[in-house]
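**Q** Got a structure for you, written out below as structure tokens; questions coming shortly.
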Amino acid sequence: ERTPFVLPYNTLPVLSEIAVTYRCNLSCRFCYAACGCRKDEQHPDLPAESLREILDIIKEEAEVPSVSFTGGEPLLRPDLPELVAHAKSLGMWTNLITNGTLLTPETVAALKAAGLDSAQVSVEAGTAELHDAIVRKEGALALAVGGIKELVKAGIRTHTNTTVSALNKGALPGIVALVKELGLGKFSMNMLMPVGSAGTNFEETFISYSEIGALVEDVKAKAEAAGLEFMWYSPTPMCIFNPVPRGLGNKGCAACDGLLSVAPNGDILPCSSYPKPMGNMLEHKGAFRELWRSGPFAFFQEKKFAHQVCRDCGDLPVCNGGCPLYWEKAGYKELLDANELKKGETYEPVPSAG
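In the numbering used here, the protein residues as written are 48 to 401.
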């Protein structure tokens, strides 16, 4: 008897991230939150006490064993070590996602003392000229490299992450070389999503699903030649680029499914790139599980955002149809071309999350 390979959505998230601020000392041309453009008074940060409450909910109600502190630039909060220490007191693995420019020896020492386990530092190019132009701050790469060295010296597990866009797609081999030079064992990359600053700067930043496959394969080959581990983060439709046979693992959309993403005000977002509040952690304290399994979340968990082409495909449970944010901005021509639809054939409109 043949049993279909179907993976249901997760009943609870398996990963969590909390943006402790949307403030940032950079103004990246592709930022999903457009952080460099935000005014502090419009997006006030929660006090540490409230963030500790949210961490309690993540661990005790959502049962997620790890948390990534992100932003914005989380190191703009002087109480970040205190938040890390609280998460560690709950038995959680703690990760920092940072641009690296504020990682002074004193700051790294405080994070180490608080129990920080790992860090991901954004590096957008292997040269200062291009990296600094993308993040719009002179000297940013030098500061990030200095911060990486401090993290490594402190014994904190560290890797770099790069957002692949039209701005740096020709410079990816330089990142492999820089990672090797820094003595790091691994690095990661993700695909730019056309939201936030990237949505505003769409024409100059956009990169397509059709382009990304060859770039990722080239980076993986260069990483293997350099003895480095390469991690690819972004979901792509398998009919356009399938990461599984390339040894990169399955990358389905984790919005409201495997990922719990929390905004600076406590709102739950489908993911950090998707600015649609789904409910507030503090307002639903004691009822997180009921909220997570409610209708608005099921829209994402059951992949109802997927195009009819994807919903008709047997690979949907593992592929998930790519990123809904991508399709909203780029349209579906790539998907239809990949599936060789007959000219004039139409499908029902893709459902909206509301």
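All C-beta atoms, glycine included, are put in the ideal place defined by N, C-alpha and C.
(1) For Pro152, count neighbouring C-beta atoms within 10 Å of its own C-beta (all shown protein chains included) and say buried if the count is 16 or more, exposed if not.
(2) Buried or exposed: which applies to Arg70, given that a residue is buried once 16 or more other Cβ atoms fall within 10 Å of its Cβ?
(3) DSSP on Arg204, reduced to helix/strand/coil?
(4) Exposed or buried, what is Asn146 when buried is set at 16 or more other beta-carbons lying within 10 Å of its beta-carbon?
(5) Does the distance from the CB of Pro60 to the CB of Leu307 come in under 8 Å?
(6) Taking the beta strand (DSSP E) that Lys413 falls in, what are its first and last residues?
(7) Can you tell me whether Ile101 is helix, strand or coil according to DSSP?
(8) Given this structure, state the Cα-to-Cα distance separating Ala189 from Ile144, to the nearest angstrom.
(9) Would you tell me roughly how many angstroms separate the C-alpha atoms of Glu381 and Tyr256, rounded to the nearest one?
(10) Using the Cβ count rule (16 or more neighbours within 10 Å means buried), how would you classify Pro125?
(11) Assign Glu107 to one of two classes, buried (16 or more other C-beta atoms within 10 Å of its C-beta) or exposed (fewer than that).
(12) Does the Cβ of Thr58 have 16 or more other Cβ atoms within 10 Å, making it buried, or fewer, making it exposed?
(13) Assign Ala92 to one of three DSSP states: helix, strand, or coil.
(14) Just how far apart, CA to CA, sit Lys159 and Ala201?
(15) Count the other C-beta atoms from every protein chain shown that fall within 10 angstroms of the C-beta of Gly361, then say buried if there are 16 or more, exposed otherwise.
(16) With a Cβ-Cβ cutoff of 8 Å, do Ser244 and Cys78 count as a contact?
(17) Quick check for students: name the residue ranges of the alpha helix (DSSP H) that lie wholly in the region 96 to 175, counting only runs of 4 or more.
(18) Taking the alpha carbon of Ala80 as the reference point, which residue from Asp179, Met240, Leu149, Glu258 has its own alpha carbon closest?
(19) Reducing DSSP to helix, strand and coil, say where Glu381 ends up.
(20) To which residues does DSSP link Asp179 through a beta bridge?
(21) Taking a contact to mean a Cβ-Cβ separation below 8 Å, would you say Asp92 touches Pro311 in this structure?
(22) Write down the C-beta distance between Val155 and Glu197 rounded to the nearest angstrom, noting that I regard them as a contact closer than 8 Å.
(23) In angstroms, rounded to a whole number, what distance separates the CA positions of Phe249 and Val182?
(24) Comparing alpha-carbon positions, which option in Pro290, Leu163, Val211, Ile315 lies nearest Met325?
(25) Express the C-alpha separation of Asp164 and Leu127 in angstroms, rounding to a whole number.
(26) On a CA-only basis, which of Glu185, Leu177, Ala224, Asn208 is nearest Asn215? Give me that one, please.
(27) State buried or exposed for Asp384, treating a residue as buried only when at least 16 other CB atoms are found within 10 Å of its CB.
(28) Considering Cα atoms alone, identify which of Ser74, Leu149, Glu110, Gly296 is closest to Leu404.
(29) Beta-carbon within less than 8 Å of Leu231's beta-carbon, same chain only, minus the 5 sequence neighbours each way: which residues are those?
(30) Taking Cβ positions, are Pro292 and Asn367 nearer each other than 8 Å?
(31) Does the Cβ of Arg76 have 16 or more other Cβ atoms within 10 Å, making it buried, or fewer, making it exposed?
(32) What's the gap between the Cα of Glu271 and the Cα of Leu150?
(33) For Thr117 versus Ser320, is the C-beta distance shorter than 8 Å?
(34) Suppose you measure from the CA of Leu329 to the CA of Ile65; what does that come to, to the nearest Å?
(35) Looking at the secondary structure, which residues open and close the beta strand (DSSP E) in which Glu276 lies?
**A** Let me lay it out:
(1) exposed
(2) buried
(3) strand
(4) buried
(5) yes
(6) The first residue shown for the chain is 48 and the last is 401, placing residue 413 beyond what the model contains.
(7) helix
(8) 18 Å
(9) 8 Å
(10) exposed
(11) exposed
(12) exposed
(13) It is Asp, not Ala, that sits at residue 92 in the sequence shown. Coil.
(14) 7 Å
(15) exposed
(16) yes
(17) 127 to 136, 152 to 161
(18) Met240
(19) helix
(20) Per DSSP, none; premise fails for Asp179.
(21) yes
(22) 4 Å
(23) 16 Å
(24) Ile315
(25) 14 Å
(26) Leu177
(27) exposed
(28) Beyond the ends of the chain as shown, which are 48 and 401, falls residue 404; an answer cannot be given.
(29) Ile195, Val199, Thr205, His206, Thr207, Leu275
(30) no
(31) buried
(32) 29 Å
(33) no
(34) 13 Å
(35) 276 to 279
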